[in-house]
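Engineer: Throughout the sequence shown, residue numbering follows mature numbering (1 follows the signal peptide of the UniProt record, and there is no 0), covering -18 to -1, 1 to 432 in sequence.
For every residue, glycine included, the Cβ atom is placed at its ideal position computed from N, Cα and C.
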Amino acid sequence: MLRILCLALFGLLPDVRADPGALLRLGMDIMNHEVQRAMEESHILEKMAAEAGKKRPGVKPIKGLSNMKVKDVITPIITLNFVPGVGIFQCVATGMTITGKSFTGANMEIIVVLNITATNRFLRGEETGLPMFKSEGCEIILVSVKTNLPSNKVISKFLDSTLHKVLPGLMCPAIDAVLVYVNERWASLNHPMPVGRMGTIKYALASTPTTTASHVQVDFSPLVQQQMGKTIPLTNTEEALEFPGNYTEGSSQLLLSAAFLTAELGLLRKSLDVKIQDKMIGELPPQTTETLADFLPEVAEVYPKPKPLVTQIKLNKSPKVTMKSGKSLLHLHGTLEMFAAQRGKHPVSLFLLEVHFNLRIQYSVHENRLQLATSLNRLLSLSRGSSSVGNFNEKELISFITDYLQEAYTPVVNDVLQVGLPLPDLLAINYDLAELDIVENALVLDLKQA
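1. Quick one: any contact between the segment 114 to 128 and the segment 140 to 156, if contact means 3 or more CB pairs under 8 Å?
2. Can you tell which of G367, R342, T244 has the C-alpha that lies nearest to the C-alpha of L361?
3. Which residue wins for smallest C-alpha separation from H197, given the options N172, T230, P174, K212?
4. For residue 465, which residues from the same chain have a beta carbon less than 7 Å from its beta carbon, with the 5 sequence-adjacent residues on both sides left out?
5. Taking buried to mean at least 16 other C-beta atoms within 10 Å of its own C-beta, is R7 buried or exposed?
6. Could you check which residue in N423, P404, D54 has the C-alpha nearest to that of M180?
7. Of the residues V177, P132, W168, I122, which one's Cα is nearest the Cα of L152?
8. Where DSSP assigns a beta bridge to Q344, which residues make up the other side?
9. Where do the N-terminal and C-terminal ends of the beta strand (DSSP E) with R7 fall, by residue?
10. Nearest-angstrom Cα distance between D158 and G3?
11. Which same chain residues end up closer than 7 Å to N396 when comparing Cβ atoms and leaving out the 5 residues on each side of it in sequence?
12. Can you list, in chain order, the stretches of the alpha helix (DSSP H) that have 4 or more residues and sit fully within the segment 84 to 122?
13. Any idea if M30 is buried or exposed, counting beta-carbon neighbours within 10 angstroms, 16 or more meaning buried?
14. Should the segment 204 to 218 be called in touch with the segment 6 to 22, which here means at least 3 C-beta pairs below 8 Å?
15. Would you mind giving the Cβ-Cβ distance between M305 and A222, rounded to the nearest angstrom? I have them listed as a contact below 8 Å.
16. My assumption, with CB atoms under 8 Å, is that M21 sits in contact with P58. Please give the rounded CB distance.
17. For the segment 303 to 321 against the segment 418 to 428, do three or more pairs of beta-carbon atoms, one drawn from each stretch, fall closer than 8 Å, so that the two count as touching?
18. Taking Cβ to Cβ, would you say L335 is nearer than 7 Å to L364?
19. What does the alpha-carbon distance come out to for the pair Y163 and F71?
20. Using the DSSP secondary-structure output, state which residues sit across from E417 in a beta bridge.
21. Distance, Cα to Cα, residue 438 vs A75?
22. Taking 7 Å as the limit between beta carbons, can you name the residues of its chain near T182, skipping five residues before and five after?
23. Kindly identify the DSSP beta-bridge partner or partners of I383.
24. Could you tell me which of P393, G119, H25, E417 sits nearest to residue 455, measuring between CA atoms?
25. Can you tell which of P66, G326, Q344 has its C-alpha closest to the C-alpha of T194?
26. Check P150 in the structure and name its three-state DSSP category.
27. Applying the criterion that 16 or more other CB atoms from any shown protein chain within 10 Å of the CB defines a buried residue, is L325 buried or exposed?
28. So what does DSSP say about L334, is it helix, strand or coil?
29. Suppose you measure from the CA of P226 to the CA of G308; what does that come to, to the nearest Å?
30. Comparing alpha-carbon positions, which option in N89, G77, F85 lies nearest I98?
31. Excluding the 5 residues preceding and the 5 following K257 in the sequence, name in chain order all residues of the same chain whose CB lies nearer than 6 Å to its CB.
32. What residues in its chain sit with their C-beta under 7 Å from that of I263, if we drop five residues either side in the sequence?
33. Can you tell me whether DSSP reads H173 as helix, strand or coil?
34. Which whole-angstrom value is the C-beta distance of A323 and L332, which I expect to be below 8 Å?
Printed below as a string of structure tokens:
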């Protein structure tokens, strides 16, 4: 049986933490998949084998060995284990056949099974601010050696000397190359991701990633920036952000705080200010003063003949996301002003209402962007700000305004939300496969591998 090739990935102690708006927990499923893919997609062992017999600047030829070639590289077997407070202990097993002419002039074939050990620290790059692996040492451990050369002390000494000269130069750069490949999978974190044309999101690290016995945790302090450069801060919350305890040990999750989602939706605030002048909307009756007069008789006195209605809704506060177990709401505060349209003239304001209502949010993921779809949950408050049709009790309009918000305004909100919210672009994670769960003050994406 092949013994295991060991690669230790060590991490630094955590540094001072900023308040995170998102947490990523990388379990063995994703880490193992990523390292395995890095080894396979880079074809690094095969590439190193192909280069083995070529002359390289600064590399002296091996005494007693000529026409060296490497072939039949065994597909690496990789296993991983987390080391709490340190990093990841990665084990890979491989082997190969080395051919050439020995110092005796005879054709030589050596079949080698080996272990490579290397210490690689899991760092936060000083210049990039990104997670990175850095190799500090590499050793080769021979597991088994078979050869067609005669067995004697001279040959044994030659084999031992040859292999200890060939293998480090062949395999250690391969390990470094795999680390480079994995490190590149973090690089996109430094790229701001657009939210339509309204701004960008950048998932900056809040601290150096930490390691437990079951996962690596990455804390993000996201930067939410408007198109003109102004940053939308995350609202401070007294409760610490943490993962629920009901997930399988070693699995992977992404947690997005309600405060972070609130900041992201702040980018869309201006897009939620609308003027609606359609006469026929959804299941609503015709939007005219005649329909409005059924709820507010004062309107018929001013406009005995039907006039089309124009409605303008403006937010006077940024949208706010709240989350309780199993339920998420989008709170909207603003004004709703209705006008009577007149041919050839400016619309005349009938009344202006101060409104506070909330929409229930359903979350999904499509093409690695978080999608939100809403439906009216409740009209929470309604008060009259001004009126040109006389004094009236705004309670008379509760039913009319509730139906209007559901049929006319909620579709506008959903159209705006179709832009989607970007998720952390790292390690080629496919968020579309995630299972979503709403918990206290956060949305959790339980990440899956295909």
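Structural biologist: On the basis of the supplied data:
1. yes
2. Selected option, being the one with the closest Cα: R342.
3. T230
4. Outside the shown range of the chain, which is -18 to 432, sits residue 465, and nothing can be said about it.
5. It is buried - the Cβ of R7 has at least 16 other Cβ atoms within 10 Å.
6. P404
7. I122
8. A355
9. 4 to 9
10. 33 Å
11. A355, T356
12. Every candidate alpha helix (DSSP H) stretch fails here, since none sits fully inside the segment 84 to 122 while reaching 4 residues.
13. buried
14. no
15. Their Cβ separation, rounded to whole angstroms, is 15 Å, which puts M305 and A222 out of contact at 8 Å.
16. 5 Å
17. yes
18. yes
19. 18 Å
20. D428
21. Within the shown structure, residues of the chain are numbered from -18 to 432, placing residue 438 beyond reach of any answer.
22. P174, M175, P176, Q207
23. BP columns for I383 are empty, so no partner.
24. Outside the shown range of the chain, which is -18 to 432, sits residue 455, and nothing can be said about it.
25. Minimum Cα-Cα distance from T194 among the listed residues P66, G326, Q344 corresponds to P66.
26. helix
27. Correcting the residue identity first, residue 325 is Arg in this sequence and not Leu. Exposed, since its Cβ has fewer than 16 Cβ neighbours within 10 Å.
28. strand
29. The alpha-carbon atoms of P226 and G308 are separated by roughly 13 Å.
30. It is G77 whose Cα lies nearest to the Cα of I98.
31. Q294
32. Q269, E389, A390
33. coil
34. Not confirmed; about 11 Å, so no contact.
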